[in-house]
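Residue numbers (this note's numbering): 50 to 342.
Every residue gets a Cβ at the ideal spot worked out from N, C-alpha and C, and that includes glycine.
Read through the structure below, which is laid out as structure tokens, and then see the notes.
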Ligand code: GUN
């Protein structure tokens, strides 16, 4: 069994992006600028956004954090998005999800100029990804592809089971794993909370990507010998042994599943660190106008 070290790959990507920013600076070109919009004080969102802003600074980008209280109206938030769309200094921006219930996430996502949608959530980016056109690919699936690529994991002709059908991970992941490319060329099955034969599907999988948000869902009796397992789960479980008071728990029962795997990502330090670096890569592409002029 080989552990996929997301922290090490992310550190390497960070170095590569930092070098690119240095070249941009030396050439006197515009330094990429990422803005993040954060609504409310959800603990997870606070941590993720802080980490995104910190990583921007570490690679040499300019970053802006725009905060709103939980009671911001949909109209106020949309006005902010229209302003960011027009602001020529901002190359890309994200609105951290989830949003409070009185705000339509879909409306917010569709209000973002797709050319600045470094999260890759806008229907134009999702549609372009689906037909294999250049676009911003959402960060978690892009990070997983990067891990498969850097570990040179064979995907062609393999059966890939994606557990979960979210717009952010499950659906784009399934599309990317079936694309005619490397990584890709898989036979893909998507299973979800209503699937009747989920265990049988998993048992026939060469690659399992679990993005259900159900702690320790994938057990050893659901995994065949030699499978590749990618764990996207990051549930915060209360813990008395950590300083933060919680422990990140994945969707895979790691101790019993890992001995059966050829490759497996741990939680934490598997997929998580890659997600932020994929966002940085998208921001670099946005700054360089590499995808959209
Ligand atoms: N919430 C959970 N993951 C993400 C992400 O990748 N981007 C945004 N904007 N919100 C999220």
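Endpoints, alpha helix (DSSP H) assigned at residue 304: 303-306
Helix, strand or coil at residue 98 according to DSSP, with G and I counted as helix: helix
Spatial distance of residue 176 from residue 290 (CA atoms): Their Cα atoms are separated by approximately 44 Å.
Three-state secondary structure assigned by DSSP to residue 117: Residue state, collapsed to three classes: strand.
Contact between the stretch 107-120 and the stretch 67-85 (3+ Cβ pairs under 8 Å): yes
Residue from 180, 132, 199, 174 whose Cα sits closest to the Cα of residue 187: The shortest C-alpha separation from residue 187 is found at 174.
Residue nearest to residue 258 in terms of C-alpha spacing, selected from 246, 245, 272: Nearest option by C-alpha distance: 272.
Any non-hydrogen atom of ligand 1 closer than 7 Å to residue 324 Cβ: yes
Range of the contiguous alpha helix (DSSP H) that encloses residue 141: From DSSP, residue 141 is part of no alpha helix (DSSP H) but of the beta strand (DSSP E) over 141-144.
Ligand 1 heavy atom lying under 7 Å from the CB of residue 146: Checking the Cβ of residue 146 against ligand 1 gives yes.
Contacts around residue 266, its chain only, beta-carbon distance under 6 Å, and the 5 residues preceding and following it disregarded: 300
DSSP beta-bridge partners of residue 279: 258
Beta bridge counterpart(s) of residue 211 as assigned by DSSP: In the DSSP assignment, the residues bridged to residue 211 are 239, 258.
Span of the beta strand (DSSP E), counted from its first residue to its last, around residue 324: Residue 324 -> not in any beta strand (DSSP E); alpha helix (DSSP H) instead, spanning 320-336.
Three-pair Cβ contact test at 8 Å for the stretch 99-109 versus the stretch 59-75: By the Cβ criterion, the stretch 99-109 is in contact with the stretch 59-75, since at least three pairs of Cβ atoms, one from each stretch, lie closer than 8 Å.
Close beta carbons around residue 231, own chain, < 6 Å, minus the five adjacent residues each side: none
Backbone CA spacing between residue 260 and residue 72 [nearest angstrom]: 37 Å
Proximity of residue 319 and residue 255 at Cβ, strictly below 8 Å: no
Contact under 8 Å by Cβ, residue 306 with residue 278: Taking C-beta atoms as the reference points, residue 306 and residue 278 count as a pair closer than 8 Å.
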